[in-house]
Structure formats: structure tokens, C-alpha cells
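Engineer: Residue numbers (my numbering), protein chains in the order written: chain W, 4 to 278; chain A, 92 to 379.
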Amino acid sequence: MKGGKYGGYVVIAVVCGVLLSFSRINPYTGQISLQELVLQLSGSQGEFTMGLYYGAMVDFGFLMLPFFLYQFYGGIQLYRQFCVASVYVFSRTTNRIKWYFTELWGLCKGLFVLQVFLQGTTILVALLRWEVVWTGDGWLLLGVHVLLFTLWTLTMALGVNLLALIWGSSTGFLVVFAIQAGMLAALCTGSKLELADPALARLLFLDPISRLVLGWQNGETIGLEEVLPAKYSHVLALSDSLLLIALMMAAVVAVGLVVIEKKDILVSNLETGGA
Amino acid sequence: MKKRGSYMLLRITRSQIVFLMRQKEAVLTFCVLMLLVLANFLDNCQEFRGYDIMALAHTTKMGLLSWNLVGYKADLSMMLIQLYPLLVVCPAGFVLAKERGTQEHVLMITRMGSGTYYFSKLLSAFVVTAVVFVIPFLAEMVLYVITFSAKPMGDLSNWSAYDSGYIDMVRSYMFSDLFIRSPYGYAVVKVLLFGFFSGLMGAFGVAVSALYRVKFRITVFLPTFILLNLSVYAKVIWGEMEKSVAWYNFVMLHEEAAKNMSVFLVFLVVIAVGSMGAIGWASRRDCL
Numbered sequence: 004m005k006g007g008k009y010g011g012y013v014v015i016a017v018v019c020g021v022l023l024s025f026s027r028i029n030p031y032t033g034q035i036s037l038q039e040l041v042l043q044l045s046g047s048q049g050e051f052t053m054g055l056y057y058g059a060m061v062d063f064g065f066l067m068l069p070f071f072l073y074q075f076y077g078g079i080q081l082y083r084q085f086c087v088a089s090v091y092v093f094s095r096t097t098n099r100i101k102w103y104f105t106e107l108w109g110l111c112k113g114l115f116v117l118q119v120f121l122q123g124t125t126i127l128v129a130l131l132r133w134e135v136v137w138t139g140d141g142w143l144l145l146g147v148h149v150l151l152f153t154l155w156t157l158t159m160a161l162g163v164n165l166l167a168l169i170w171g172s173s174t175g176f177l178v179v180f181a182i183q184a185g186m187l188a189a190l191c192t193g194s195k196l197e198l199a200d201p202a203l204a205r206l207l208f209l210d211p212i213s214r215l216v217l218g219w220q221n222g223e224t225i226g227l228e229e230v231l232p233a234k235y236s237h238v239l240a241l242s243d244s245l246l247l248i249a250l251m252m253a254a255v256v257a258v259g260l261v262v263i264e265k266k267d268i269l270v271s272n273l274e275t276g277g278a
Numbered sequence: 092m093k094k095r096g097s098y099m100l101l102r103i104t105r106s107q108i109v110f111l112m113r114q115k116e117a118v119l120t121f122c123v124l125m126l127l128v129l130a131n132f133l134d135n136c137q138e139f140r141g142y143d144i145m146a147l148a149h150t151t152k153m154g155l156l157s158w159n160l161v162g163y164k165a166d167l168s169m170m171l172i173q174l175y176p177l178l179v180v181c182p183a184g185f186v187l188a189k190e191r192g193t194q195e196h197v198l199m200i201t202r203m204g205s206g207t208y209y210f211s212k213l214l215s216a217f218v219v220t221a222v223v224f225v226i227p228f229l230a231e232m233v234l235y236v237i238t239f240s241a242k243p244m245g246d247l248s249n250w251s252a253y254d255s256g257y258i259d260m261v262r263s264y265m266f267s268d269l270f271i272r273s274p275y276g277y278a279v280v281k282v283l284l285f286g287f288f289s290g291l292m293g294a295f296g297v298a299v300s301a302l303y304r305v306k307f308r309i310t311v312f313l314p315t316f317i318l319l320n321l322s323v324y325a326k327v328i329w330g331e332m333e334k335s336v337a338w339y340n341f342v343m344l345h346e347e348a349a350k351n352m353s354v355f356l357v358f359l360v361v362i363a364v365g366s367m368g369a370i371g372w373a374s375r376r377d378c379l
């Protein structure tokens with residue numbers, strides 16, 4: 004039963020992992036260190052950090068694809084309890100806060116399964132094709148990369164759930180996806196700005212999605228200063244990024260607490276309009 | 092008998108179209124597209140304020156659907172390209188899911204017959220989606236002609252008109268002869284092609300939703316989202332391809348990438364035949 008519950012995530016993770024590995028991990032010399040491998044999964048192309056031009060954004064969208072697909076399925080995990088089994092669930096679980104954190108834990112488990120299989124498949128395929136050099140810094144960087152993407156995806160999936168309670172699942176997902184697309188599109192405006200331009204610094208600082216690109220960040224506080232290219236280190240720091248995304252998640256969790264406490268059982272079907 | 096059946100199908104499709112055009116999904120999608128078009132227009136007004144008219148690019152190259160604009164300033168075009176796989180389902184993609192969810196379809200099928208019901212849904216979804224996606228971009232062309240003038244013939248990539256690079260670029264456009272003869276005629280034809288493609292994608296969403304019981308509308312997004320994104324990431328998945336199969340290279344204006352036209356045409360035929368097949372299968376299924 005449990006295998007069936009997470010089966011979809013495993014399939015998404017394995018398929019996307021294979022595709023990511025073939026498309027992103029292609030070292031010229033046939034050898035790649037773990038930290039370089041992780042940087043490829045975070046937007047870098049070979050030795051070059053991710054640019055701000057249109058093509059780079061499209062490539063980054065491909066990196067985000069397994070997480071967008073998770074947001075499709077994870078985005079209705081809480082919502083479906085409200086509309087499908089709400090009378091059964093809430094008559095037996097009057098403590099909604101406990102129920103909420105139980106469901107959040109379920110979301111985390113699903114995402115954990117996705118990440119394990121995604122990163123595992125990507126690295127395994129890279130291992131079969133190239134020589135991977137294992138380093139301590141590489142493992143730390145992989146951990147930070149996984150943490151950043153996990154927190155981000157969890158925040159967005161929870162956001163879809165909460166918006167779905169008000170507007171239905173399709174609108175909820177559309178809004179959250181549009182926000183992420185808007186953040187990526189906003190980064191394109193930086194392509195014409197010089198490195199020292201304060202407008203570029205403002206754009207990168209204010210646009211949350213820039214926090215997912217490891218190659219742009221300063222890793223000094225975490226002891227990764229030697230492995231990160233730190234292209235925009237004057238604006239972005241890895242420790243700040245982790246804190247910001249964790250705060251975003253905490254804020255969405257807090258809003259979710261308020262919503263599920265106040266929201267009554269959905270008496271009209273937001274999906275089809277009937278009772 | 093057959094003639095009466097076709098007449099009934101057309102009559103019901105027409106009333107479905109009128110109904111769907113008034114639904115909030117179609118209106119909101121239209122508003123989102125108009126918002127993007129107007130945002131691009133205001134951006135261009137600010138960007139090219141004070142420019143000599145003859146130094147400007149051709150007005151159709153400043154439009155949101157122009158690939159020429161993507162090379163110059165990609166933010167709004169990127170928003171449109173990212174959102175398109177989801178937006179294209181919105182105007183009419185949920186119509187079948189809604190009616191089957193409330194069991195309204197049973198009443199309608201008893202009145203008009205299963206085949207007429209399902210095929211009218213497919214046709215109306217095609218027309219409504221096409222109209223919603225064509226009107227903003229045709230309106231945009233008129234807006235630019237009024238604001239900027241029909242005289243400029245430049246290019247946003249700053250190629251000179253006699254440069255061999257520019258000539259090669261123009262020759263690689265779809266309908267390049269039409270573009271050379273009449274850039275506005277070319278733009279109108281490409282926008283109508285964009286509308287046709289959008290209509291097909293909208294109808295495809297409806298056809299897939301007929302195959303299963305839709306519990307959550309979010310699932311109606313998936314087939315179109317995956318299909319269109321697969322075409323974009325095909326070169327990433329299958330390695331460097333000589334000719335692109337990304338959907339936007341076929342339906343956007345002024346796209347200079349080498350395009351695999353056979354794949355595109357086969358794709359259109361497969362989607363059209365597949366959608367009709369899916370609807371035909373759904374119409375033969377028992378309601379109860």
C-alpha cells in the first residue's frame with residue numbers, strides 16, 4: 004500500500020533523474036568532482052555559472068520540472084481531505100492542528116522519496132557514464148542543494164493546497180506556478196545590467212528564486228567558499244538563502260494553520276461547482 | 092437524417108460557444124493575455140520613447156508573440172511561454188469535467204445524443220480557445236500601428252536589411268515569402284496559426300478529460316503541460332538536434348531557428364485524430 008502511495012513520485016524522480024543526468028552531467032575530461040556535479044544540477048553549465056539570459060532560464064525550468072510535477076500531486080494532498088473525505092476525517096480528528104502537522108509530515112515524506120530517488124538516479128547514471136570524484140565539500144554542497152530545493156518545493160506545494168481551499172486546485176496551481184514563472188522571467192531583466200549595477204543587486208536580492216542557484220552565492224559561513232564560484236557573492240550568501248527559504252516555509256505553514264482552523268468543510272465542490 | 096444530425100451538431104456547438112465565451116475561465120484567460128500584451132506595450136512605449144521612427148523595428152517585431160523581441164528583452168515573452176501550457180487549457184478545458192462532475196451531462200445526452208454532446212464540446216472548446224488566444228494579439232497589432240506607425244522596417248537584433256545574416260534569418264521564417272511581401276500579412280497569418288494551435292491544445296485537454304473521471308481539475312493541466320514541455324526539452328532529452336521541435340518555434344512570429352516541419356505537422360495530425368478518437372470512445376461509453 005505504502006509503495007503505491009509514493010509510486011508516482013518514484014517514477015517521476017527516476018525518469019527526471021535519468022534525463023537530468025544525461026543532459027547536465029557531461030564533463031569534457033570524463034571526470035567530474037561531486038561539487039561540480041551538484042553545481043550542474045543548480046544551473047551551471049560546465050565551468051560557467053548560470054547566466055541571466057532567456058536560454059539559461061529555460062534550462063533552469065527543466066531543472067525545476069520534477070519539482071513542478073511534485074507540486075501537481077503534492078498540491079492536492081491536504082485539499083483532497085477537505086473535499087473528498089472531510090466528514091469522515093474531521094469527525095474522527097477534531098484536533099486540526101495535529102491533523103495538519105500529520106499531513107505536512109506526509110508531504111515531507113513524499114518529497115523525501117522524490118529527492119532520494121531523483122538525486123540517487125542522477126548520481127548513479129553519472130557514475131555509470133563518467134568517473135565521479137567524491138569529496139567532503141561535494142557531499143556538503145549536495146546536502147545544501149537538496150535542502151534548498153526541498154524547502155522551496157514544500158513551500159510551493161503547501162501554497163497550492165491552501166489556495167486550492169479557496170479557489171480550487173486548478174487555480175491554486177496556476178497562481179503558484181505563475182508566481183514562480185514570474186520570478187524566473189524577472190531574472191531575464193538582469194541580462195542587460197552590469198555586474199556592479201545596483202539595480203542587478205536589488206533584483207537578485209529581492210527575487211527569491213535566485214536563492215536556488217548555488218553558483219551565484221557566497222558559501223563562506225558554511226565553509227564552502229572554495230567550491231562555489233560565488234558570481235554574485237556581494238548580494239547572495241548561502242546561509243541567508245537557507246534562512247530566507249526556511250522563513251518563507253514557516254510563514255506559509257503559519258498561514259496554513261490559520262486557514263485550516265477557520266476553514267469549514269467544503270460544502271460546494273470547487274472543482275465542478277456542484278454540492 | 093445525416094444532414095439533420097450535422098445541423099443539430101452545428102446549432103448545439105454554436106450555443107456551447109456562446110456559453111463558454113461568457114464563463115469566467117475564458118474571460119479571465121482573455122484578461123491575463125490582454126494584461127501581458129498591455130504590459131509589453133507600455134514597456135515598449137517607455138523603451139522606444141523619443142526614437143526616430145525610421146530607426147525603430149517593425150511594429151510586429153515588438154509584439155509579445157515575436158521571437159525577435161525575445162532576443163532583445165525576454166521577460167514578458169518568457170512569462171507567456173512558461174504560462175502558455177497551463178493557460179491554453181483554461182478557457183474551455185474544464186467544461187466536460189464540470190458537467191460530468193455535476194451529472195449535468197446525463198440530462199444533456201438524453202436530449203441531444205452522446206455523440207452530438209461530446210463532439211460539440213470538442214468543437215466549441217477548439218473555437219473558444221482559438222478566439223481567446225487570437226483576439227489579444229490582433230488587437231496588439233492595431234495598437235502598435237496606431238502608436239508607433241506602420242513605416243518602420245528595422246529589426247531588434249540590429250541586423251542591417253542587406254546583411255547576409257539578416258537575409259538568412261528572414262529566409263528561415265515560416266512563410267518567409269509572405270513576410271518579404273507583406274510583414275503585416277505574415278503577422279496576421281502567424282497569429283491565426285497560433286490561434287489554431289491553441290484551439291487544438293484546448294480541444295486536446297477536453298478530449299483527455301473525457302477519458303477518466305476528473306476528481307481534481309488540476310489533473311486536466313497535466314497532459315498539455317507534459318506534451319508542450321517535452322517539445323521544449325526534447326533537445327535536452329535526445330541530445331543536440333539539427334532542427335528544433337519546440338512548440339514556440341512554430342507558432343511564434345519571426346522565429347529564426349531551424350524547424351522540423353514534418354514533426355510539427357505529424358504532431359498536429361496526431362493530436363487532432365487522437366482528440367477525435369478519444370471523444371468518439373467516450374461518447375460510446377455507458378453513462379451509468
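Ideal Cβ positions, reconstructed from N, Cα and C, are used throughout, including at glycine.
Among residues of its own chain, excluding the 5 on either side of threonine 193 of chain A, which ones have a beta-carbon nearer than 6 Å to its beta-carbon?
Structural biologist: Position 102 of the second sequence, counted from the start, is the residue given in the question as residue 193 of chain A. Taken in chain order, the list of residues that qualify is empty.
Engineer: Report, in whole angstroms, the separation of the C-beta atoms of phenylalanine 266 of chain A and tyrosine 277 of chain A, which I expect to be a contact under 8 Å.
Structural biologist: By one-based count along the second sequence, residue 266 of chain A stands at place 175. By one-based count along the second sequence, residue 277 of chain A stands at place 186. So it is a contact: roughly 6 Å between Cβ atoms.
Engineer: I'd like to know if the stretch 155-174 of chain W and the stretch 70-77 of chain W are in contact, where contact means that at least 3 CB-CB pairs between them fall below 8 Å.
Structural biologist: Yes: the two stretches touch, three or more of their Cβ pairs being nearer than 8 Å.
Engineer: Counting along the chain, where does the beta strand (DSSP E) carrying isoleucine 35 of chain W start and finish?
Structural biologist: Numbered from its first residue, the first sequence carries residue 35 of chain W at position 32. Unbroken beta strand (DSSP E) run through isoleucine 35 of chain W: 34-36.
Engineer: Closer than 7 Å by beta-carbon distance: list the chain W residues that pair up with methionine 170 of chain A, in chain order.
Structural biologist: Within the second sequence, numbered from 1, the residue matching residue 170 of chain A stands at position 79. Within 7 Å Cβ-Cβ: Ala184, Gly185 and Ala188.
Engineer: Are the C-beta of isoleucine 225 of chain W and some C-beta of chain A separated by less than 8 Å?
Structural biologist: Sequence index remark: in the first sequence, residue 225 of chain W carries index 222 (1-based). It does not; no Cβ of chain A falls within 8 Å.
Engineer: For the stretch 289-309 of chain A, which residues have a beta carbon sitting closer than 8 Å to at least one beta carbon of chain W?
Structural biologist: Flagged, chain order: Val305, Lys306, Phe307, Arg308 and Ile309.
Engineer: In the DSSP assignment, find the unbroken alpha helix (DSSP H) run with valine 128 of chain W in it and report its ends.
Structural biologist: In the first sequence, counting from the first residue as 1, residue 128 of chain W sits at position 125. Unbroken alpha helix (DSSP H) run through valine 128 of chain W: 99-132.
Engineer: Measuring only between beta-carbons, confirm whether asparagine 351 of chain A sits less than 8 Å from chain W.
Structural biologist: Residue mapping note: residue 351 of chain A aligns to position 260 of the second sequence, counting from 1. Not closer than 8 Å to any Cβ of chain W, the Cβ of asparagine 351 of chain A fails to qualify, so no.
Engineer: In three-state DSSP terms, what is serine 215 of chain A?
Structural biologist: Within the second sequence, residue 215 of chain A is the residue found at index 124, counting from 1. DSSP places serine 215 of chain A in helix when its eight states are reduced to three.
Engineer: Taking C-alpha atoms, which residue in W/Gln80, W/Val261, W/Asp243 and W/Gly54 lies nearest to leucine 114 of chain W?
Structural biologist: Indexing the first sequence from 1 puts residue 114 of chain W at position 111. Out of W/Gln80, W/Val261, W/Asp243 and W/Gly54, W/Gln80 has the C-alpha closest to the C-alpha of leucine 114 of chain W.
Engineer: Can you give me, in chain order, the residues of the stretch 31-53 of chain W that have a beta carbon less than 8 Å from any beta carbon in chain A?
Structural biologist: Cβ contacts with chain A: none found.
Engineer: Between the stretch 219-231 of chain A and the stretch 256-264 of chain A, do three or more beta carbon pairs fall short of 8 Å?
Structural biologist: Verdict: no, contact absent.
Engineer: So, for methionine 4 of chain W: in the same chain, excluding its five sequence neighbours on each side, which residues have a beta-carbon less than 6 Å away from its beta-carbon?
Structural biologist: Along the first sequence, read from residue 1 onward, the residue named residue 4 of chain W stands at position 1. Reliability of the predicted coordinates at methionine 4 of chain W is poor, the pLDDT of 42 falling under 50, and no value is obtained from them.
Engineer: Compute the beta-carbon to beta-carbon distance between valine 21 of chain W and valine 128 of chain W, rounded to the nearest angstrom, for a pair I have assumed lies under 8 Å.
Structural biologist: Residue 21 of chain W sits at position 18 when you count from the first residue of the first sequence. Residue 128 of chain W sits at position 125 when you count from the first residue of the first sequence. Right, the Cβ-Cβ distance comes to about 6 Å (below 8 Å), so this counts as a contact.
Engineer: Buried or exposed for arginine 308 of chain A, going by 16 or more other Cβ atoms inside 10 Å?
Structural biologist: Numbered from 1 along the second sequence, position 217 holds the residue referred to as residue 308 of chain A. Answer is buried; the Cβ neighbour count reaches 16.
Engineer: Which same chain residues end up closer than 8 Å to valine 311 of chain A when comparing Cβ atoms and leaving out the 5 residues on each side of it in sequence?
Structural biologist: Position 220 of the second sequence, counted from the first residue, corresponds to residue 311 of chain A. Contacts found: Val180, Gly184, Phe185, Ala188, Gly296, Val299, Ser300 and Val305.
Engineer: Give me the chain W residues within the contact set of leucine 174 of chain A, using Cβ-Cβ distance strictly less than 7 Å, ordered along the chain.
Structural biologist: Residue numbering aside, residue 174 of chain A sits at position 83 when the second sequence is read from its first letter. Those within 7 Å of leucine 174 of chain A in chain W are Ala181 and Ala184.
Engineer: Between threonine 201 of chain A and tyrosine 208 of chain A, what straight-line distance do the alpha-carbon atoms span, to the nearest angstrom?
Structural biologist: Your numbering for residue 201 of chain A matches position 110 in the second sequence. Your numbering for residue 208 of chain A matches position 117 in the second sequence. Distance between the alpha carbons of threonine 201 of chain A and tyrosine 208 of chain A: 9 Å.
Engineer: Give the residues from the stretch 53-68 of chain W that approach chain A closer than 8 Å (Cβ to any Cβ), ordered along the chain.
Structural biologist: Correct list: Tyr56, Tyr57, Met60, Val61, Asp62, Gly64, Phe65 and Leu68.
Engineer: Specify the secondary structure class of glycine 162 of chain W as computed by DSSP and reduced to three states.
Structural biologist: In the first sequence, the residue the question calls residue 162 of chain W occupies position 159. The answer is helix: DSSP assigns glycine 162 of chain W an H, G or I state.
Engineer: Please report how far the alpha carbon of methionine 1 of chain W lies from the alpha carbon of proline 30 of chain W, in whole angstroms.
Structural biologist: An answer regarding residue 1 of chain W cannot be provided, because it is not within the stretch 4 to 278 covered by chain W.
Engineer: In whole angstroms, what is the alpha-carbon distance linking leucine 111 of chain A and proline 314 of chain A?
Structural biologist: Here residue 111 of chain A corresponds to residue number 20 of the second sequence, with the count starting at 1. Here residue 314 of chain A corresponds to residue number 223 of the second sequence, with the count starting at 1. Rounded to whole angstroms, leucine 111 of chain A to proline 314 of chain A spans 21 Å at the Cα level.
Engineer: What first and last residue would you give for the alpha helix (DSSP H) that runs through glutamine 74 of chain W?
Structural biologist: Your numbering for residue 74 of chain W matches position 71 in the first sequence. Here the alpha helix (DSSP H) through glutamine 74 of chain W covers 57-77.
Engineer: Quick one: is alanine 337 of chain A buried, meaning 16 or more other Cβ sit within 10 Å of its Cβ, or exposed?
Structural biologist: What you label residue 337 of chain A is simply residue 246 of the second sequence in a count that begins at 1. With 16 or more other Cβ atoms within 10 Å, it is buried.
Engineer: Could you check what DSSP says for alanine 278 of chain W in three-state terms: helix, strand or coil?
Structural biologist: Locating residue 278 of chain W in the first sequence gives position 275, where the first residue counts as 1. Here alanine 278 of chain W scores only 47 on pLDDT, less than 50, and its place in the model should not be relied on; the value that follows carries that caveat. Coil.
Engineer: Between the stretch 278-287 of chain A and the stretch 158-175 of chain A, are three or more C-beta pairs nearer than 8 Å?
Structural biologist: Flag = no, the stretch 278-287 of chain A and the stretch 158-175 of chain A do not touch.
Engineer: When the cut-off is 8 Å and only beta carbons count, does phenylalanine 185 of chain A lie next to chain W?
Structural biologist: Here residue 185 of chain A refers to the residue found at position 94 of the second sequence. For phenylalanine 185 of chain A, the answer is yes, since a Cβ of chain W falls inside 8 Å of its Cβ.
Engineer: What do you reckon, are the CB atoms on leucine 144 of chain W and leucine 217 of chain W nearer than 8 Å?
Structural biologist: Position 141 of the first sequence, counted from the start, is the residue given in the question as residue 144 of chain W. Position 214 of the first sequence, counted from the start, is the residue given in the question as residue 217 of chain W. In contact: leucine 144 of chain W and leucine 217 of chain W (Cβ atoms closer than 8 Å).
Engineer: Output yes if chain W places a C-beta closer than 8 Å to the C-beta of alanine 230 of chain A; else output no.
Structural biologist: Taking the first residue of the second sequence as 1, we reach residue 230 of chain A at position 139. So no, alanine 230 of chain A is outside the interface.
Engineer: Using 8 Å for Cβ pairs, my map puts valine 320 of chain A next to proline 176 of chain A. What's the rounded Cβ distance?
Structural biologist: By 1-based counting over the second sequence, the position of residue 320 of chain A is 229. By 1-based counting over the second sequence, the position of residue 176 of chain A is 85. It should be noted that the sequence gives asparagine, not valine, for residue 320 of chain A. Between proline 176 of chain A and asparagine 320 of chain A the Cβ distance is about 6 Å, and since that is below 8 Å, they are a contact.
Engineer: DSSP three-state call for alanine 233 of chain W: helix, strand or coil?
Structural biologist: Within the first sequence, the letter at position 230 stands for residue 233 of chain W. Coil, per DSSP.
Engineer: Using a C-beta cutoff of 8 Å, does cysteine 111 of chain W count as contacting chain A?
Structural biologist: Numbered from its first residue, the first sequence carries residue 111 of chain W at position 108. Chain A, which has no Cβ nearer than 8 Å to the Cβ of cysteine 111 of chain W, makes this no.
Engineer: Drop a sphere of 10 angstroms on the beta-carbon of histidine 345 of chain A, count the other beta-carbons inside from all chains shown, and report buried for 16 or more, exposed for fewer.
Structural biologist: Position 254 of the second sequence holds residue 345 of chain A. Label assigned to histidine 345 of chain A: buried.
Engineer: What number of angstroms, rounded off, separates the C-alpha of isoleucine 248 of chain W from the C-alpha of phenylalanine 152 of chain W?
Structural biologist: Counting from one through the first sequence, the residue named residue 248 of chain W turns up at place 245. Counting from one through the first sequence, the residue named residue 152 of chain W turns up at place 149. Rounded to the nearest angstrom, the two C-alpha atoms are 9 Å apart.
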